[in-house]
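Number of protein chains: 4
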Amino acid sequence: MYEFRNDYNSVGHPKVVEKLMDQVHVRYPGYGFDQACDEAKEKIQAKINKDVKINFVPSGTSANILSLTANLKPYEGVVAAESGHIVNDEAGALEAVGHKVVFVESQDGKIKAQALKDYLDQEHDFFNILPKIVYISNSTELGTVYRKAELEEIYSICKDHDVTLYIDGARMGSALMSPVCDYSLEDLAGLCDIFTLGGTKNGALFGEAVVFCNKDLGENFHYYLKQHGVLTAKGFLMGLQYGVLFTENLYFENAKRANAMAQKLVDGLKEIGVDFAYPPESNQIFVALEKDLLDPLAQKVTFEDFGPLEGDLECARFVTTYHTKEEEVDGLLASLKDLL
Amino acid sequence: MYEFRNDYNSVGHPKVVEKLMDQVHVRYPGYGFDQACDEAKEKIQAKINKDVKINFVPSGTSANILSLTANLKPYEGVVAAESGHIVNDEAGALEAVGHKVVFVESQDGKIKAQALKDYLDQEHDFFNILPKIVYISNSTELGTVYRKAELEEIYSICKDHDVTLYIDGARMGSALMSPVCDYSLEDLAGLCDIFTLGGTKNGALFGEAVVFCNKDLGENFHYYLKQHGVLTAKGFLMGLQYGVLFTENLYFENAKRANAMAQKLVDGLKEIGVDFAYPPESNQIFVALEKDLLDPLAQKVTFEDFGPLEGDLECARFVTTYHTKEEEVDGLLASLKDLL
Amino acid sequence: MYEFRNDYNSVGHPKVVEKLMDQVHVRYPGYGFDQACDEAKEKIQAKINKDVKINFVPSGTSANILSLTANLKPYEGVVAAESGHIVNDEAGALEAVGHKVVFVESQDGKIKAQALKDYLDQEHDFFNILPKIVYISNSTELGTVYRKAELEEIYSICKDHDVTLYIDGARMGSALMSPVCDYSLEDLAGLCDIFTLGGTKNGALFGEAVVFCNKDLGENFHYYLKQHGVLTAKGFLMGLQYGVLFTENLYFENAKRANAMAQKLVDGLKEIGVDFAYPPESNQIFVALEKDLLDPLAQKVTFEDFGPLEGDLECARFVTTYHTKEEEVDGLLASLKDLL
Amino acid sequence: MYEFRNDYNSVGHPKVVEKLMDQVHVRYPGYGFDQACDEAKEKIQAKINKDVKINFVPSGTSANILSLTANLKPYEGVVAAESGHIVNDEAGALEAVGHKVVFVESQDGKIKAQALKDYLDQEHDFFNILPKIVYISNSTELGTVYRKAELEEIYSICKDHDVTLYIDGARMGSALMSPVCDYSLEDLAGLCDIFTLGGTKNGALFGEAVVFCNKDLGENFHYYLKQHGVLTAKGFLMGLQYGVLFTENLYFENAKRANAMAQKLVDGLKEIGVDFAYPPESNQIFVALEKDLLDPLAQKVTFEDFGPLEGDLECARFVTTYHTKEEEVDGLLASLKDLL
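Protein chains in written order, with the working numbering: chain U, 82 to 421; chain Y, 82 to 421; chain A, 82 to 421; chain F, 82 to 421.
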């Protein structure tokens, strides 16, 4: 089987697991108040080059939901694209903590700045919730990557309306290392109020780093984590992992490797004439295939079916990772070519 | 420093971490629907020897809160001892998902059966919540262990009142391996409706196994986990860890080792004339020390201060683990003796 | 000023207030467990001619939210039209109790049966909420009224998918008395699982009657009301009011009167060439006016601005009630004619 | 039957209902943004003689829960006496909106200042909730009334700890008119941050006035009301009622009348040798009766059984109101005397 199902299908990067093995006889204080976490935060901070506040959270959904709810009053809500992860992939987690999401028009997973402005310009009163945070993801759920000018425009609109901009970076590594990306991690910290640096999909066993660029936000954030059951007792585990990922650029190297395999796949797909459902810009590649190709392809390749497109076409998603091998890409392409 | 602060201060048992290292190039499906989880569940099931339903949950608070809320209507509540973990140590997590806890009298962390019966016998109407689940922990937050007759009596009262009995087993290994424990894991499955088998404090990096002995409970439990952000993407990590812990009795051996070190500590404490705040029955030992001994002791030993007792006495907790060394126990005893 | 702002702008029907005055020296038990409530329920039940369960709730939002949440598990959600009252007019109240709303295509405020079927036919898994209740309103927020065949089709789809159909009847009187309505209150009880009979907008000071046609639903409903702070201490007040409204058909006479005034208004609007934004079928009439007419009109008439339509048109809503006078309709028409 | 069951057993004071009748043809704007509300607030404000913010809320539980939650972060909680209304009589409503209550020692329904100080002085960290609001009721659930010095001491402790003091005044009229009360409504506004002036139990059909003495609190309070379904559409109804109650001192006259009947009852009870369960200081009188007297007494008098006291004694509650008649008090006393 050639593995393109997702980017959370293996234990973690060998260097990360080796570090855990290496530390197996060391003792740490609990709940993330330890030296491993401190050092990891310093390393991340050094890349960001701005005075930020960082918390480690064990899962992507927790990182999203708690970053949002910790900065919302009960009557305030979130603005997102209809394709947003908080909309379709978190089982109503945001609503479960009491908040409503409203949609603005988007394209290929990216919010349209004008639609956002139009919505925020409207009068908002007590009949509906007050919009207070804009949620975007980067790379998006459809594999696309925001350009610097797009982020600048969205952030500017947010600031004009006293609204917080939150970027879900479960796949931020792949976004930042994308060939289309025209900003660095350091730049990013000036383009939003809060962002996350996902570990789970980029070499860690688990863990997301929530970065509060605006340090007025996220007051007492560890209380929210504790109350939600995700202030990890062995918090040092995330410190150790992020320490490895941000040593010698492993976090970025992993993402680059995933993107390189995605690029190889994109080139091959173009060659054999497969169309893309969305612009291929990161480690998630969405293609349009004849519906009856999917079953035979699934005999040789793992991937996800993203539902019907126009006509008889179906959307399939192939995901590459830091451990994807060239032979796997070749194998997928050959399998697909056979079926066309 | 001699380490007696808690039992979640190291990465995990070396065999567990080795297993993760060993599997670093294997690919797994997501969200716990994988072979590693299936095999681990089979191994646990084999020890229980009863048809049960098992879910892995990454943290103790999540395991508690979700096991409770998944079996409660909004107007139903939980009965617990005032010392219960859900009462004092989870930052209001149960209330945050909407449920109220009511207390019944307890001694040394254990609910008194008669007090439970008296409370459940009362008429309950719509002015207050309806009691629907009894929460106990074993070993308790004060280190004590329920006897079989106590569990039988409590469970019988629960069944008479159509109330569920849930046992928080964050330290179930230590409870079952306690010299005072007169039942096995297999017995336990007949003594309650739901219990957990904690991994985090007994060799795993993270993870609790929630065991539904009454399979009518916990319907669609993975939906609750997903909505709460704790349906771990790399669920196979818990499958791998529990697989190791339930191979060759490692789970029980770890607990035995922790208890043996606790027993050595208890013997030594008795010798030097230190009094116990609660009966020492598992890997948490609570002692009564003159208040002004704590600061000097903290120069040599890590432990937790559990607050004032009568007179000038203060309660200190020493926790042993599977990796506690005899020299550490000796060191603690010598340090303490010097101060007396 | 000619009053067309809404249908909750006066104390209540004189006969209702007279009844309260008349009973001012009588003593009643609390929380709705009294003879006045029993008698009112019997009167409503007699009109419905089916064994139903009835609860009185003081407000429309409470009636909606609690009827929904009392029949949902935390991971289940509600399907509605984007124009639904629970979507736009309740300040995120449903999300505040933990539930998500998903939209299906609608026209003029009415859910399209085919769109509902398509959505419910999809596979629903743990990545998103499970649809469990369909919410519609009748008359809708846009003043339209469901036909019998439409309700039959929607209810049939619901039953095929084991989904509950809830009808928000804050304006059910006007719907049932609409010239386009081809079913009775008795029929209605066979066309859905739960519906409400709104009092606040049809003669009562406050109060909605929630009617559970499917008596398996709404178990312990008064607990939900109590916990939400809306199990009215003086519940008998709603019993007294509904008793009056369902004596000598006052409930229906009030609605007929409101509809008659709406019909007079519709006829007049057609005469002077004003277009309707949505089909005028009940006591809420939505018209399309040149944007710059609204300010001068507001000097003489109270109404609500429902936002921009195409081009330079703006949507204005005129609402009639049982106490609207013919002179007021004439006054509105004359004021408008002057401006055209 | 002599009626002493509760103080919410009749429609409302005749003058209040007359006012509603009188206004039956007047039109008002919705949601409490009307002249009747404005005028009523001015009248209340005039008695308070301090710049406060006032909101009308239809029920006591809503007034309590929303006043508390609107001033709490999710990880903050409430301190109360174990006898508190929010603890025993609101069906877990506060927990349902996510907040935990912790208890401090109390006597006869009143919090002990020293116990409050001791609790607030403790270190509070992320293992449990942070105390942020102290809830007391006046008169208390046991009929007692705080003295000025007691309120001053409690409020001073609250301010020292940056904690808000909230007084549930569902029966504030009776408290302020109590012979033991040594402060006025004007004084009260300097003795706490928020208090309520209950209408439901003192002449209104429904309605509580929430008074924010500290105007920094309760920001956007009407959003909380709307989201909770209790921003009454016909908000003017509460404006009209409070307008009557605060004209010519009716609010205080009603309470005085209730207290006078209570005093008459107390005198009679003393004469016939009945003991009080708690000090009789307001319109709720709690007595200790032989258990087997209750059934025969219930043949002639309505009252509530408050459960067992020591020995064979049972606690019975008699409640007087502004409409209690002298003959009723005589009747109760005679009935009781017959049984002794």
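A virtual CB, placed ideally from N, CA and C, is assigned to each residue, including glycine.
Endpoints, the alpha helix (DSSP H) within which residue i is located
| i | result |
| --- | --- |
| Arg398 (chain A) | Looking at the DSSP string, Arg398 (chain A) is not in any alpha helix (DSSP H); the run it does join, the beta strand (DSSP E), is 394-400. |
| Thr277 (chain F) | Segment 275-279 is the beta strand (DSSP E) holding Thr277 (chain F); no alpha helix (DSSP H) there. |
| Pro95 (chain A) | 95-103 |
| Phe333 (chain F) | 331-352 |
| Asp268 (chain A) | 266-269 |
Alpha-carbon spacing of residue i relative to residue j, whole angstroms
| i | j | result |
| --- | --- | --- |
| Ala151 (chain A) | Phe333 (chain A) | 29 angstroms |
| Ala230 (chain Y) | Ala336 (chain Y) | 23 angstroms |
| Val261 (chain U) | Ala162 (chain U) | 21 angstroms |
| Leu370 (chain Y) | Leu269 (chain U) | 53 angstroms |
| Val107 (chain F) | Arg228 (chain F) | 43 angstroms |
| Leu201 (chain A) | Glu186 (chain U) | 24 angstroms |
| Tyr89 (chain F) | Val244 (chain Y) | 34 angstroms |
| Lys296 (chain F) | Tyr304 (chain F) | 16 angstroms |
| Val147 (chain F) | Leu306 (chain F) | One point to set straight first is that residue 147 (chain F) is Leu, not Val, in the sequence displayed. Approximately 7 angstroms between the Cα atoms of the pair. |
| Gly412 (chain F) | Gly254 (chain F) | 25 angstroms |
| Asn145 (chain Y) | His309 (chain U) | 11 angstroms |
| Phe85 (chain A) | Gly224 (chain A) | 14 angstroms |
| Ile192 (chain A) | Lys213 (chain Y) | 39 angstroms |
CB contact check: residue i to chain U, cutoff 7 angstroms
| i | result |
| --- | --- |
| Asp170 (chain A) | yes |
| Gly173 (chain A) | yes |
| Phe276 (chain F) | no |
| Ala177 (chain A) | yes |
| Tyr217 (chain A) | Correcting the residue identity first, residue 217 (chain A) is Ile in this sequence and not Tyr. No, Ile217 (chain A) lies away from the interface with chain U (no Cβ there is under 7 angstroms from its Cβ). |
| Arg338 (chain Y) | no |
| Gln126 (chain F) | no |
Helix, strand or coil at residue i [DSSP, three-state]
| i | result |
| --- | --- |
| Gly388 (chain F) | strand |
| Ile125 (chain Y) | helix |
| Leu413 (chain U) | helix |
| Gln365 (chain F) | strand |
| Tyr305 (chain A) | helix |
| Val178 (chain Y) | coil |
| Phe357 (chain Y) | strand |
| Ser187 (chain Y) | strand |
| Tyr323 (chain Y) | helix |
Residue i, enclosing beta strand (DSSP E) - first and last residue
| i | result |
| --- | --- |
| Tyr216 (chain F) | 211-218 |
| Phe184 (chain U) | 182-184 |
| Asn136 (chain F) | 134-138 |
| Gly158 (chain F) | 157-161 |
CB contact check: residue i to chain Y, cutoff 7 angstroms
| i | result |
| --- | --- |
| Gly280 (chain U) | no |
| Gln195 (chain A) | no |
| Tyr156 (chain A) | yes |
Any chain A beta carbon closer than 7 angstroms to residue i
| i | result |
| --- | --- |
| Pro95 (chain F) | yes |
| Lys181 (chain U) | yes |
Proximity test, Cβ basis, 7 angstroms: residue i and chain F
| i | result |
| --- | --- |
| Tyr304 (chain U) | yes |
Sufficient close CB pairs (3 or more, under 8 angstroms) joining the region 324-341 of chain U to the region 97-107 of chain Y: No, the region 324-341 of chain U is not in contact with the region 97-107 of chain Y.
Given 8 angstroms, three or more beta-carbon pairs between the region 114-134 of chain A and the region 109-122 of chain F: When C-beta atoms of the region 114-134 of chain A are compared with those of the region 109-122 of chain F, fewer than three pairs fall below 8 angstroms, so the two segments do not count as touching.
The region 219-236 of chain A in contact with the region 247-255 of chain A per 3-pair CB rule at 8 angstroms: The region 219-236 of chain A is in contact with the region 247-255 of chain A.
Three CB pairs or more closer than 8 angstroms across the region 187-196 of chain Y and the region 166-175 of chain Y: Contact fails: fewer than three Cβ-Cβ distances are below 8 angstroms.
Stretch pair the region 383-399 of chain F + the region 359-370 of chain F: three plus CB contacts closer than 8 angstroms: Contact holds: three or more Cβ-Cβ distances are below 8 angstroms.
Three CB pairs or more closer than 8 angstroms across the region 128-145 of chain F and the region 276-289 of chain U: Too few Cβ pairs lie closer than 8 angstroms, so no.
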